[in-house]
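S.K.: Per full-length UniProt numbering, the sequence shown runs over residues 62 to 479.
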Amino acid sequence: VSETRLYQPNDKSPLQIFVRAKKKINDIYGEIEEYVNEATTFINALHSDAEIVDKAERELFESYVYKVAAIREVLQRDHMKVAFFGRTSNGKSSVINAMLREKILPSGIGHTTNCFCQVEGSDGGEAYLIKEGSDEKLNVVNIKQLANALSQEKLSESSLVRIFWPRERCSLLRDDVVFVDSPGVDVSANLDDWIDNHCINADVFVLVLNAESTMTRAEKQFFHTVSQKLSKPNIFILNNRWDASANEPESQESVKSQHTERCIDFLTKELKVTNEKEAAERVFFVSARETLQARIEESKGNPPHMGAIAEGFQIRYFEFQDFERKFEECISQSAVKTKFQQHSSRGKSVSGDMRSMLDNIYERITIFRNLKQDQKNLLTERIQGTETQMMQVTREMKMKIHNMVEEVEEKVSKALNE
Ligand code: GDP
62 VSETRLYQPN
72 DKSPLQIFVR
82 AKKKINDIYG
92 EIEEYVNEAT
102 TFINALHSDA
112 EIVDKAEREL
122 FESYVYKVAA
132 IREVLQRDHM
142 KVAFFGRTSN
152 GKSSVINAML
162 REKILPSGIG
172 HTTNCFCQVE
182 GSDGGEAYLI
192 KEGSDEKLNV
202 VNIKQLANAL
212 SQEKLSESSL
222 VRIFWPRERC
232 SLLRDDVVFV
242 DSPGVDVSAN
252 LDDWIDNHCI
262 NADVFVLVLN
272 AESTMTRAEK
282 QFFHTVSQKL
292 SKPNIFILNN
302 RWDASANEPE
312 SQESVKSQHT
322 ERCIDFLTKE
332 LKVTNEKEAA
342 ERVFFVSARE
352 TLQARIEESK
362 GNPPHMGAIA
372 EGFQIRYFEF
382 QDFERKFEEC
392 ISQSAVKTKF
402 QQHSSRGKSV
412 SGDMRSMLDN
422 IYERITIFRN
432 LKQDQKNLLT
442 ERIQGTETQM
452 MQVTREMKMK
462 IHNMVEEVEE
472 KVSKALNE
């Protein structure tokens with residue numbers, strides 16, 4: 062992967078909410094793991110003494126070790142996922158490229174995305190792709206090669222190609238955002254499969270529309286199915302190709318308000334996923350192609366307007382940035398909630414359960430220790446009693462012997478005298 066400037070990290074990005082939460086929960090789970098391992102080692106050492114810990118308890122402790130290790134693994138892989146939908150050629154791949162600030166996904170005529178493409182960060186500066194059902198890393202040197210690799214084999218429309226792109230090339234990849242591009246919603250009858258296989262864990266959906274036409278039934282139907290399967294999905298709507306409106310300045314405002322009204326109605330009255338106020342913050346008028354060109358110019362050190370396609374570039378460019386900001390806030394908050402809330406309550410219940418089990422064991426140990434102490438005391442008392450008895454007996458014996466000797470002596474001297 063070649064010469065584009067490396068992205069400068071921006072720690073004020075709303076994505077940092079997720080990044081910091083992920084670090085924190087991973088650290089906490091690291092501590093829980095240590096605690097669980099230590100406790101299990103301790104319990105196993107006690108196990109030989111069946112009076113204190115039984116087999117079932119020991120197995121329960123061991124099950125926590127596996128449980129915590131499994132959660133830690135999931136946590137390390139957790140990311141924020143955004144999925145893009147819309148008709149073919151509305152500009153889904155272009156929007157993703159504009160957000161990534163680089164032409165990564167092939168777009169345009171002859172490059173119809175005919176399977177799901179997931180773009181995610183790779184460590185170590187490598188760019189490669191992995192096809193579904195294979196572990197083989199196919200090296201990607203440039204966009205042309207990627208496009209060829211994607212079109213070489215006939216991939217099923219619901220299969221997934223994962224494209225790994227160096228994290229340090231883009232802040233969104235660095236901060237664990239994963240992008241999913243889909244085949245056009247107009248080409249598939251398997252919406253259920255699509256949603257089950259690729260969308261269930263998406264934090265945000267972006268519907269990319271063509272601002273030059275109206276929303277189609279296929280586009281609406283897809284989101285109806287999504288909102289039946291997921292409770293209140295986060296949906297953003299991009300009216301793309303808005304640069305085309307510059308050709309008809311007299312109708313621009315009326316077209317915009319018509320589209321806005323329809324999009325807000327769709328989100329609030331049809332899908333019922335949000336309220337009017339929030340919906341108004343979810344609808345944007347952008348030009349993905351222009352934004353991408355502007356960013357490529359920026360990366361070469363040129364002013365962004367060199368990428369302009371038509372009049373009104375600045376407004377569209379700001380609108381795209383505004384979309385990105387709101388998108389970042391939404392995805393990081395949603396991902397923290399959906400991904401970490403469950404893990405943190407599981408962590409709490411595991412450590413709570415272990416604590417009460419250890420409390421029980423401690424109690425049993427205390428009882429056991431007291432019992433032993435009592436037995437010891439009893440034994441000591443008995444020994445002491447025996448000693449006193451012995452002394453008594455000895456004393457009595459001594460007296461008896463003494464008396465006997467005296468008696469014998471008396472008898473002997475008496476006999477001698479006689
Ligand atoms: P997809 O099939 O939805 O992924 O659409 P693509 O991103 O491949 O875009 C299809 C074609 O539309 C490409 O030639 C893009 O350059 C072009 N395109 C995408 N976005 C815009 C835009 O905002 N304005 C203009 N004028 N063309 C665009």
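The C-beta atom is built at its ideal place from N, Cα and C for all residues, glycine as well.
(1) Can you tell me whether DSSP reads N300 as helix, strand or coil?
(2) Around the C-beta of Y68, are 16 or more other C-beta atoms found within 10 angstroms, so that it is buried, or is it exposed?
(3) Starting from the C-beta of F384, find all residues in its chain whose C-beta is less than 6 Å away, skip the five residues before and the five after it, and write them out in chain order.
(4) Taking Cβ to Cβ, would you say F297 is nearer than 8 Å to V347?
(5) Would you call the CB atoms of A279 and A159 closer than 8 Å?
(6) Please look up how many angstroms separate the CB atoms of F145 and D242, rounded, as I've assumed it's under 8 Å.
(7) Based on Cα-Cα distance, which residue from E193, D257, G194 and K198 lies nearest to S183?
(8) Less than 8 Å separating the beta-carbons of Y96 and S360?
(9) Do I89 and Q394 have their C-beta atoms closer together than 8 Å?
(10) For the pair the region 403-422 and the region 124-140, tell me if three or more CB-CB distances fall below 8 Å.
(11) Taking only the alpha-carbon atoms, compute the straight-line gap between F303 and V334 and give it to the nearest angstrom.
(12) Can you tell me which of L291, L234 and H320 puts its alpha carbon nearest to the alpha carbon of E273?
(13) Within 7 Å: the Cβ of S150 and any heavy atom of the ligand GDP?
(14) Tell me whether E351, by its Cβ, gets closer than 7 Å to a heavy atom of the ligand NAP.
(15) Using the Cβ count rule (16 or more neighbours within 10 Å means buried), how would you classify I256?
(16) Between the region 418-427 and the region 262-273, do at least 3 Cβ pairs fall closer than 8 Å?
(17) If you run the structure through DSSP and keep just helix, strand and coil, what is P310?
(18) Near V114, which residues of its chain fall below 7 Å by C-beta distance, leaving aside the five closest residues on each side in sequence?
(19) By the three-class DSSP mapping on this structure, what secondary structure does S232 have?
(20) Pick helix, strand or coil for S183, following the three-state DSSP scheme.
(21) Any idea which residues DSSP pairs V267 with across the strands?
(22) Quick check: V248 and T149, are their CB atoms within less than 8 Å of each other?
(23) Going straight from the alpha carbon of V473 to that of N464, what length do you get?
(24) Is E372 near P365, with beta carbons less than 8 Å apart?
(25) Please find out if some non-hydrogen atom of the ligand GDP comes closer than 7 Å to the beta-carbon of D184.
(26) Say yes only if the C-beta of residue 21 is nearer than 7 Å to one or more non-hydrogen atoms of the ligand GDP, and no if none qualify.
(27) Would you check whether the ligand GDP has a heavy atom nearer than 7 Å to the C-beta of residue 517?
(28) Are there 16 or more other CB atoms within 10 angstroms of the CB of V466, so buried, or fewer, so exposed?
M.R.: Well, looking at it:
(1) Position 239 of the sequence shown, counted from the start, is the residue given in the question as residue 300. Of the three classes helix, strand and coil, the one that applies to N300 here is strand, per DSSP.
(2) Taking the first residue of the sequence shown as position 1, residue 68 is located at position 7. Confidence is the limiting factor: at Y68 the pLDDT is only 44, short of 50, which leaves the residue's position unreliable, though a coordinate-based value still follows. Per the 10 Å Cβ criterion, buried.
(3) Position 323 of the sequence shown, counting from 1, holds the residue named residue 384. Answer for F384: F345, listed in chain order.
(4) Taking the first residue of the sequence shown as position 1, residue 297 is located at position 236. Taking the first residue of the sequence shown as position 1, residue 347 is located at position 286. Not a contact, by the Cβ cut-off of 8 Å.
(5) Position 218 of the sequence shown holds residue 279. Position 98 of the sequence shown holds residue 159. In this structure, A159 does not lie closer than 8 Å to A279 by Cβ.
(6) Here the question's residue 145 lines up with position 84 in the sequence shown. Here the question's residue 242 lines up with position 181 in the sequence shown. Their Cβ separation, rounded to whole angstroms, is 5 Å, which keeps F145 and D242 in contact under 8 Å.
(7) Within the sequence shown, residue 183 is the residue found at index 122, counting from 1. Closest in C-alpha terms to S183, from the list E193, D257, G194 and K198, comes K198.
(8) Against the sequence shown, residue 96 aligns to sequence position 35. Against the sequence shown, residue 360 aligns to sequence position 299. No, these two residues do not count as a Cβ contact at 8 Å.
(9) Taking the first residue of the sequence shown as position 1, residue 89 is located at position 28. Taking the first residue of the sequence shown as position 1, residue 394 is located at position 333. With respect to the 8 Å criterion, I89 and Q394 are not classified as neighbours on the basis of their beta carbons.
(10) yes
(11) On the sequence shown, residue 303 is found 242 positions in, with the first residue counted as 1. On the sequence shown, residue 334 is found 273 positions in, with the first residue counted as 1. Rather than Phe, the amino acid found at residue 303 in this sequence is Trp. Whole-angstrom Cα-Cα distance: 25 Å.
(12) Position 212 of the sequence shown, counted from the first residue, corresponds to residue 273. Minimum Cα distance to E273 is reached at H320.
(13) Against the sequence shown, residue 150 aligns to sequence position 89. The nearest non-hydrogen atom of the ligand GDP is less than 7 Å from the C-beta of S150.
(14) The ligand content of the structure shown is limited to the ligand GDP, which means the ligand NAP is not among them.
(15) Locating residue 256 in the sequence shown gives position 195, where the first residue counts as 1. Buried, by the Cβ-count rule.
(16) no
(17) Translated into the one-based positions of the sequence shown, residue 310 becomes position 249. For P310, the three-state secondary structure derived from DSSP is helix.
(18) Translated into the one-based positions of the sequence shown, residue 114 becomes position 53. Answer for V114: I104, L107, H108 and I422, listed in chain order.
(19) For this step, residue 232 is matched to residue 171 along the sequence shown. The answer is helix: DSSP assigns S232 an H, G or I state.
(20) Locating residue 183 in the sequence shown gives position 122, where the first residue counts as 1. In the three-state scheme derived from DSSP, where H, G and I count as helix and E and B as strand, S183 is classed as strand.
(21) Residue mapping note: residue 267 aligns to position 206 of the sequence shown, counting from 1. Note: V267 sits in a beta bridge opposite F145 and F297.
(22) Here residue 248 corresponds to residue number 187 of the sequence shown, with the count starting at 1. Here residue 149 corresponds to residue number 88 of the sequence shown, with the count starting at 1. Yes, Cβ-Cβ distance for V248 and T149 is below 8 Å.
(23) On the sequence shown, residue 473 is found 412 positions in, with the first residue counted as 1. On the sequence shown, residue 464 is found 403 positions in, with the first residue counted as 1. The straight-line gap from Cα to Cα measures roughly 14 Å.
(24) For the purposes of this step, residue 372 is taken as the residue at position 311 of the sequence shown. For the purposes of this step, residue 365 is taken as the residue at position 304 of the sequence shown. In this structure, P365 does not lie closer than 8 Å to E372 by Cβ.
(25) Taking the sequence shown and counting its residues from 1, the one referred to as residue 184 is at position 123. Outside the cutoff, so no.
(26) The displayed coordinates of the chain run from 62 to 479. Any statement about residue 21 would go beyond what the structure contains.
(27) Because the chain here runs from 62 to 479, residue 517 falls outside it and cannot be looked at.
(28) In the sequence shown, residue 466 corresponds to position 405, counting from 1. With fewer than 16 Cβ atoms within 10 Å of its Cβ, V466 is classed as exposed.
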